[in-house]
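Okay, structure first, notes after.
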Amino acid sequence: EATARDYLKENYKENMTFDETVTFTLKTLKESINETPTKENTRLAYIKSEDKKFHMCSKDEIEKFLNLIKEEPKEEPKEEPKT
Numbered sequence: 001e002a003t004a005r006d007y008l009k010e011n012y013k014e015n016m017t018f019d020e021t022v023t024f025t026l027k028t029l030k031e032s033i034n035e036t037p038t039k040e041n042t043r044l045a046y047i048k049s050e051d052k053k054f055h056m057c058s059k060d061e062i063e064k065f066l067n068l069i070k071e072e073p074k075e076e077p078k079e080e081p082k083t
């Protein structure tokens with residue numbers, strides 16, 4: 001079973017946009033728990049560096065981010081080169 005730390009190490013990229021960072025966070029959560037994240041069982045909050053204000057996401061905002069994850073194409077496993 002993958003851990004959040006493993007997923008972070010393998011998939012983190014610098015200079016992600018805000019939306020990419022939030023969806024990355026939700027993907028990390030999804031990979032490390034035995035339950036599918038939904039707007040009912042997920043709480044999400046953030047502090048943006050621009051205004052340094054705490055924001056607790058509404059269920060609708062959470063659903064928007066979860067839908068971004070569902071819409072992303074799945075990465076195909078990389079084939080080993082044939083020798």
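Residue numbering for the sequence shown follows this note's numbering, beginning at 1 and increasing consecutively.
Cβ coordinates follow ideal geometry from the N, Cα and C atoms, glycine included.
Asked                                                                                                                          : Found
Range covered by the beta strand (DSSP E) that runs through Y7                                                                 : Counting along the chain, Y7 falls outside any beta strand (DSSP E), though it belongs to the alpha helix (DSSP H) covering A4 to N11.
Exposure of E76, with buried meaning 16 or more beta-carbon neighbours within 10 Å                                             : Interpretation of E76 is limited by its pLDDT of 49, a score under 50 that renders its predicted location unreliable; no figure is taken from the coordinates.
Contacts around L26, its chain only, beta-carbon distance under 7 Å, and the 5 residues preceding and following it disregarded : P37, F65, L66 and I69
CB of K39 within 7 Å of CB of I62, strictly                                                                                    : yes
Minimum length 3: unbroken beta strand (DSSP E) runs contained in the region 27-54                                             : 45-47
C-alpha distance - F54 paired with L44, whole-angstrom precision                                                               : 11 Å
C-alpha distance - T21 paired with K48, whole-angstrom precision                                                               : 11 Å
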